[in-house]
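First comes the structure, then the notes that go with it.
This is how it looks when you write it as structure tokens:
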């Protein structure tokens, strides 16, 4: 008998979960463990390494093989597989009684092969090892209480069955094996496996070790799971059994993980597909075990367990079975209960754990958890505290709503903890926390919940000591500069977390729910912005209205979001969406609340920060269109905005900073940097609350101010923020008729540009008719303005002929009413020139050029040397010269436009880069090298301003790509055209004309590299799309077909691979 165990410095315990043949994974895990042990030290069989082995179910067979019979890992694996094949034949549908007989035969055969009598007793007849083995079983009459068969003497009563009987009972899972009767004839007991109640026996292993090793130090507790799907019985819930094993493992990890003696390995995927007794199934078990160990975390656990096995810890068995329970009890006092619908959130929880327990943490550890009301801060902290109770001797949960509540809460709880504490004020509290006593140790955690009031000076409650931990929950983004490295801002939940939380709160059943329920739940949580307090609000549960909830929310948002529940906890606030936000009213300054009221009429996301300074630059009175006189309403709205944004009667950026700082400090708003601007974003439910809380007198005033703000952002020079304005303007569409026509026309310009031409057409025609009636006909400037706007929208809607007719009509009216040299006349004249230029025919281009020369002359006279309207005229006139191949005439005009716009708006402005693009084309056609550098500058400028995937960036890149192509650098051209094609296709769709233009040049670039088949496929795609959108007889469709035909001939060897034909055809295309 081996005797090496007695000389080991610390006790090693092996715990084996129950299962079926998939327990082979435990043997494979042990194989890797013992192999590494042999390399690190010396060859040792498992029976000489582990002092105690405790097993249940099929794993009991493994425990007997290695712990009682002393088999090596290779021998144990071979014996285990042979017995499993005999016991789980795949060709037979056998009863539990027959299977039990197979098991008895197989074990007897094994014992005979080892020279051991078939009736050998478990304890006393076999002396091959000194390892203590314990096999779990239960009485069939009293399932639930663990009992053990042992191969050693114990103070606790135990049968001493034969080895065969012991394994039969330990594996007797109801429904798989028959129960076993043991005892005298007069007092036989019906016994079964302990698996139905205890599948993970690690706690029982610790208790077993108590009798033999009570005061000895522990080196290792190694728990080996049997993997997912490791039970074959249908007589009870497999999922429940597996869950019980992992729940036990998680609990032990929380209690003993920090002691560095407990380690758990269990193959967590793949074993459910391993078929019992199938040879391929055994191979799969090994494959998945090896795969499991290849993960860094699992390999690290294995290595850590080996290191632990070589040294004795300071922890004894007595400490494990006694002290851990005592610590848990004392730590939990005063903690509120978790919400029954709490869903753990891995990322923020892991950050809290790192902040409190991270390796680098020394001294007092402080974590600040901030976030919007209702984001789940308190629940997360309660969860953290409950999960880590064994790591603290004292947890003090304190109401942080005021200085007095913090002081009184700490005085009360310290007094309850330490009867010698007689403190009365804050210095007494900090002194007690700094000075350990027999009652108040250094292992304390203080939770200051909801420290929102700005007047609270948290630092006065922070003791100057080198121990303990403090977690603060707050809506404030920063508290006295505390813990900049461990400040965690809590956002919303992930979609999966949100759906799980909603399902948990909406349904009390653990049954599997139909997939359509989860689909509806995803729609709901998306609408609720993934905010925990909204998702777990119980309204759906109480009303049983999962599928009707969204309709109810749309129809009665305020009532539903005001719904709150009463929960039995110590938290001094209502549990509801709006209830969580209501406390914000008490901490925000009045000016910030008014500002919030105005922004509540915007969309909740992407409010451009620049809009406020743009509006202030015109004293909040800018009007893009002047069709009707304004009443007092605009003056009042401007005054409201001035009062909020210009508290010192003039615009100062710092006044806006002050507003945004206070709103950010309470996690109300986020500032997000986009490529082109900085935007404000709110949580959708908080944004709804901000609007719903407004009283009747405020609503109209703040709504009008919001409209005024948006109208101020519609100047052409602010085109780069129009994308952000669109969503906010759409929010007013339902009340569009209530908005002044001047602002309506401005909003239509934004929405027309953003793709709502049909709607814009109806609106502008109605406005034109209204203005016409108001001013008594067409022969006046206001009506002609409305008519010109209607003409523009006709062009956007695709009716170019009507646009031209109406624009000519406006020019004629204005020449009669205003005269030929009036700016109003020139405004219409300029637009007519733009319309003519779009047609592109030589005669229309020449007419456009004459009109533009006239407009330029008049505008220079009236507006001076530099004005954005003069620059607009210079650009369009330069483009007309370019189209007529008059590049020497175009160049000075475009150079002047670029220079003036750079001075007026900056080099990166969209108007400036538009002029630069026309100038670069002019240089290119004249063969001037400056073209390349200018094109590259345009691309870089647009990328910097709006990002790589913006249309203006892609259009600039297309110019570069076309230049590269025509210079014969086809590899570079292909890469550039592919980037343009992918981006434009994603933004405009696969059949848009600009997408097809990019696709055409991509095909030509591929063709020129003699990849004819690939080019043919791209050209075929282009032709099909052009036929579908333009028809087969359109000029561009015909050109595309000619390119495709040529490419097919070359690919089939019917034509030379010359690219000259395709290059000529390519030049006919125009973006």
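Residue numbers (UniProt numbering): 1 to 1071. Yeah, the Cβ is synthetic: ideal placement off N, Cα and C, and Gly gets one too. None of the values given here were measured: they were computed from a predicted structure.
Point to revise | Beta-carbon proximity list for residue 161, same chain, < 8 Å, skipping 5 on both sides | key: So the qualifying residues of the chain are 121, 122, 149, 169, 182.
Check your understanding: Are residue 492 and residue 592 touching if we call contact CB-CB under 8 Å?
Key -> No; because the gap between Cβ atoms is not below 8 Å, this pair is not in contact.
Review point. Leaving out five residues before and five after residue 825 in sequence, what residues of the same chain have Cβ atoms less than 6 Å from its Cβ?
Key: Cβ neighbours of residue 825 beyond the five flanking positions: 814, 815, 818.
Practice item. With a 10 Å radius around its C-beta and 16 neighbouring C-beta atoms as the bar for buried, classify residue 1038 as buried or exposed. Key: Around the beta carbon of residue 1038, fewer than 16 other beta carbons lie within 10 angstroms, which makes this residue exposed.
Review point. Out of curiosity, what's the CA-to-CA distance linking residue 892 and residue 922?
Key: Note on geometry: alpha-carbon atoms of residue 892 and residue 922 lie some 10 Å from one another.
Exercise for review: Rank 970, 958, 355 by C-alpha distance to the C-alpha of residue 982 and give the top, closest one.
Suggested key: The option with the nearest alpha carbon to residue 982 is 958.
Point to revise | Close Cβ partners of residue 118 (< 7 Å) along its chain, the five nearest in sequence each way excluded | key: So the list reads 108, 111, 112, 164, once near-sequence residues are dropped.
**Study point:** Separation of residue 858 from residue 699, as counted between CA atoms
**Key:** Those two C-alpha atoms are separated by around 46 Å.
Review point. DSSP on residue 397, reduced to helix/strand/coil?
Key: In the displayed model, residue 397 falls within a strand according to three-state DSSP.
Point to revise | residue 127 (DSSP reduced to helix, strand or coil) | key: In the structure shown, residue 127 falls within a coil segment according to DSSP collapsed to helix, strand and coil.
Review point. Does the stretch 292-305 touch the stretch 20-34, meaning 3 or more C-beta pairs lie closer than 8 Å?
Key: Flag = yes, the stretch 20-34 and the stretch 292-305 touch.
Exercise for review: Say whether the stretch 869-884 touches the stretch 914-931, bearing in mind that this needs 3 or more beta-carbon pairs closer than 8 Å, one atom from each stretch.
Suggested key: Taking a contact to require three or more Cβ pairs closer than 8 Å, the stretch 869-884 and the stretch 914-931 qualify as touching.
Review point. Can you tell me whether DSSP reads residue 932 as helix, strand or coil?
Key: Here residue 932 sits in helix by DSSP.
Point to revise | Distance CB(residue 446)-CB(residue 458) smaller than 8 Å | key: Going by C-beta atoms, residue 446 is not nearer than 8 Å to residue 458.
**Study point:** Neighbourhood of residue 1063 by C-beta, 6 Å cutoff - its chain only, sequence neighbours within 5 removed
**Key:** Note that residue 1063 scores a pLDDT of 49, beneath 50, so its modelled location is shaky and nothing firm can be said.
Practice item. Give a yes or no on whether the C-beta atoms belonging to residue 1016 and residue 1036 are separated by under 8 Å. Key: The beta carbons of residue 1016 and residue 1036 sit no closer together than 8 Å.
Point to revise | Beta-carbon gap between residue 369 and residue 488 smaller than 8 Å | key: In this structure, residue 369 places its C-beta atom within 8 Å of the C-beta atom of residue 488.
Review point. Is it the case that the Cβ atoms of residue 704 and residue 779 are separated by a distance below 8 Å?
Key: One thing to note: residue 704 has its Cβ no nearer than 8 Å to the Cβ of residue 779.
Check your understanding: So what's residue 11 in DSSP terms, helix, strand or just coil?
Key -> In the three-state scheme derived from DSSP, where H, G and I count as helix and E and B as strand, residue 11 is classed as strand.
Review point. What number of angstroms, rounded off, separates the C-alpha of residue 14 from the C-alpha of residue 78?
Key: Going by the C-alpha atoms only, they are around 21 Å apart.
Exercise for review: Let me know if residue 204 comes out buried or exposed under the rule of 16 or more other beta-carbons within 10 Å of its beta-carbon.
Suggested key: Here residue 204 is buried. Its C-beta has 16 or more other C-beta atoms within 10 Å.
Check your understanding: When you compare only the Cα positions, how much space is there between residue 964 and residue 847?
Key -> Between the alpha carbons of residue 964 and residue 847 lies a distance of about 33 Å.
**Study point:** Same chain, Cβ closer than 6 Å to residue 102, neighbours up to 5 away in sequence not counted
**Key:** In chain order, 86, 87 place their CB closer than 6 Å to the CB of residue 102, counting only its own chain and leaving out the 5 sequence neighbours on each side.
Check your understanding: Are residue 366 and residue 199 touching if we call contact CB-CB under 8 Å?
Key -> The Cβ atoms of residue 366 and residue 199 do not sit closer than 8 Å to each other.
Review point. Roughly how many whole angstroms lie between the Cα atoms of residue 497 and residue 605?
Key: Taking the CA atoms as reference points, residue 497 sits about 23 Å from residue 605.
Check your understanding: Taking just the CA atoms, how far does residue 855 sit from residue 862?
Key -> Cα-Cα distance, rounded: 11 Å.
Exercise for review: State buried or exposed for residue 1074, treating a residue as buried only when at least 16 other CB atoms are found within 10 Å of its CB.
Suggested key: Only positions 1 to 1071 of the chain appear in the structure, and residue 1074 is not among them; the question remains open.
Practice item. Output yes or no for whether 8 Å exceeds the beta carbon distance between residue 192 and residue 138. Key: The answer is yes: Cβ separation under 8 Å.
Exercise for review: Indicate whether residue 676 and residue 945 have their beta-carbon atoms separated by less than 8 Å.
Suggested key: Contact check for residue 676 against residue 945 passes: the beta carbons are separated by less than 8 Å.
Practice item. Put residue 1011 into one of helix, strand or coil per three-state DSSP. Key: Coil at residue 1011, not helix or strand.
Review point. Hey, how far is the Cα of residue 977 from the Cα of residue 918?
Key: Cα to Cα, the separation comes out at about 20 Å.
Review point. Going by C-alpha distance, which of 1033, 980, 285, 61 is nearest residue 952?
Key: The shortest C-alpha separation from residue 952 is found at 980.
Exercise for review: Measure from the alpha carbon of residue 928 to the alpha carbon of each residue in 189, 750, 607, 888, then state which is nearest.
Suggested key: Nearest of 189, 750, 607, 888 to residue 928, Cα basis: 888.
Practice item. Along the alpha helix (DSSP H) that carries residue 1125, what are the first and last residues, could you check? Key: No answer is possible for residue 1125: the residues shown for the chain start at 1 and end at 1071.
Review point. Can residue 415 and residue 406 be called in contact, C-beta distance under 8 Å?
Key: Against a cut-off of 8 Å, the Cβ pair of residue 406 and residue 415 comes out as no contact.
Practice item. Kindly indicate which three-state DSSP category residue 439 falls into: helix, strand or coil? Key: Three-state result, residue 439: coil.
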